[in-house]
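Peer 1: Take 97 as the starting number for the sequence shown in this note's numbering and just add one per residue. Here a beta-carbon is modelled for each residue, glycine too, at the ideal position from N, C-alpha and C. The structure displayed is predicted, hence computed values, not measured ones.
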Amino acid sequence: MKRNAPVAQLDRAAAYGAEGWGFDSLRAYNMFTRINPMVENKKYNEDEKWMKEALKEAHLALKKKEVPVGAVIVYENKIIGRGHNQVESLKDATAHAEILAITAASNFFDSWRLKGATLYVTLEPCVMCAGAIVLSRIERLVFGTFDPKQGACGTLYNIPSDDRLNHQVEVVPEILKEECSKILIEFFQKLRTSKATTNGGNH
Ligand code: ZN
97 MKRNAPVAQL
107 DRAAAYGAEG
117 WGFDSLRAYN
127 MFTRINPMVE
137 NKKYNEDEKW
147 MKEALKEAHL
157 ALKKKEVPVG
167 AVIVYENKII
177 GRGHNQVESL
187 KDATAHAEIL
197 AITAASNFFD
207 SWRLKGATLY
217 VTLEPCVMCA
227 GAIVLSRIER
237 LVFGTFDPKQ
247 GACGTLYNIP
257 SDDRLNHQVE
267 VVPEILKEEC
277 SKILIEFFQK
287 LRTSKATTNG
297 GNH
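#1: To the nearest angstrom, how far is it from the Cα of K152 to the Cα of G166?
#2: Helix, strand or coil for R130 per DSSP?
#3: Tell me where the alpha helix (DSSP H) around R288 begins and ends.
#4: Between which residues of its own chain and I195 is the CB-CB distance below 8 Å, once the five residues before and five after are set aside?
#5: For Q264, which residues of its own chain have a beta-carbon under 7 Å away from its beta-carbon, when the five flanking residues on both sides are left out?
#6: Rounded to whole angstroms, how far is the Cβ of V183 from the Cβ of Y216, which I believe are closer than 8 Å?
#7: Please report the distance separating the alpha-carbon of A189 from that of C222.
#8: Taking 8 Å as the threshold (C-beta atoms), are M147 and V267 in contact?
#9: Could you give the C-beta distance for A154 and T218, rounded to a whole number, given that I count them as a contact under 8 Å?
#10: Contact between the region 197–211 and the region 240–259: three or more CB pairs below 8 Å?
#11: Taking the straight line between their C-alpha atoms, what separation do you get for N254 and N262?
#12: If you measure between the beta carbons of I176 and E149, is that distance less than 8 Å?
#13: In angstroms, rounded to a whole number, what distance separates the CA positions of V163 and R260?
#14: I need the straight-line Cα distance from L231 to E220, nearest angstrom please.
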């Protein structure tokens with residue numbers, strides 16, 4: 097277990113017997129959900145489908161030379177909001193993929209409450225985005241890869257599960273983990289080799 101998740105969470109997860117699933121992402125998924133594995137397997141396939149859409153958004157960010165992070169919000173089997181990181185293009189530190197997707201979904205609902213919606217994002221949300229996810233009453237958060245530097249959904253903090261806040265969000269980590277981290281790793285490798293200067297770890 098490489099991830100820096102809270103100890104209590106890992107203890108709890110260990111009780112759900114992930115043996116036999118074979119690969120890490122499915123195992124992680126199962127550990128965090130605790131529901132019938134057969135039912136969950138179907139849900140997992142759905143999650144992969146929507147994460148591919150979030151990855152498309154990450155590729156749009158990449159084209160703009162932005163840190164490639166993408167997000168979509170799904171409600172009743174339909175995308176109601178999309179977004180990709182545009183911090184550099186918009187010169188706005190708040191222009192993260194999740195925030196833009198939440199704004200789009202709120203427009204769709206004509207309400208700030210996104211009850212029953214699931215947010216898919218390729219990278220573990222930061223403090224700001226995790227806060228926005230809680231405030232918008234999103235029901236589920238599915239993310240691709242953990243962010244050791246800014247992650248606020250299990251890595252540095254665990255805002256979606258913090259029961260001191262008045263809304264908790266179900267969190268499903270590491271869906272399409274390889275693809276989601278690969279695009280980021282390649283981006284930063286290229287950045288280093290070209291010695292380009294940007295403001296670093298923002299997404
Ligand atoms: Zn963020």
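Peer 2: Working from what's here:
#1: 7 Å
#2: Any reading at R130 must be qualified, since the residue scores a pLDDT of 48, below 50, and its modelled position is unreliable; the value itself is stated next. Per DSSP, reduced to three states, the secondary structure at R130 is coil, with no helix or strand assignment.
#3: Residue range 273–290 is occupied by the alpha helix (DSSP H) that includes R288.
#4: G179, M224, C225, A228
#5: P256, S257
#6: About 20 Å; that fails the 8 Å criterion.
#7: The alpha-carbon atoms of A189 and C222 are separated by roughly 12 Å.
#8: no
#9: 5 Å
#10: When C-beta atoms of the region 197–211 are compared with those of the region 240–259, fewer than three pairs fall below 8 Å, so the two segments do not count as touching.
#11: 14 Å
#12: no
#13: In a straight line, the C-alpha of V163 is about 32 Å away from that of R260.
#14: Distance between L231 and E220, taken at the CA atoms: about 17 Å.
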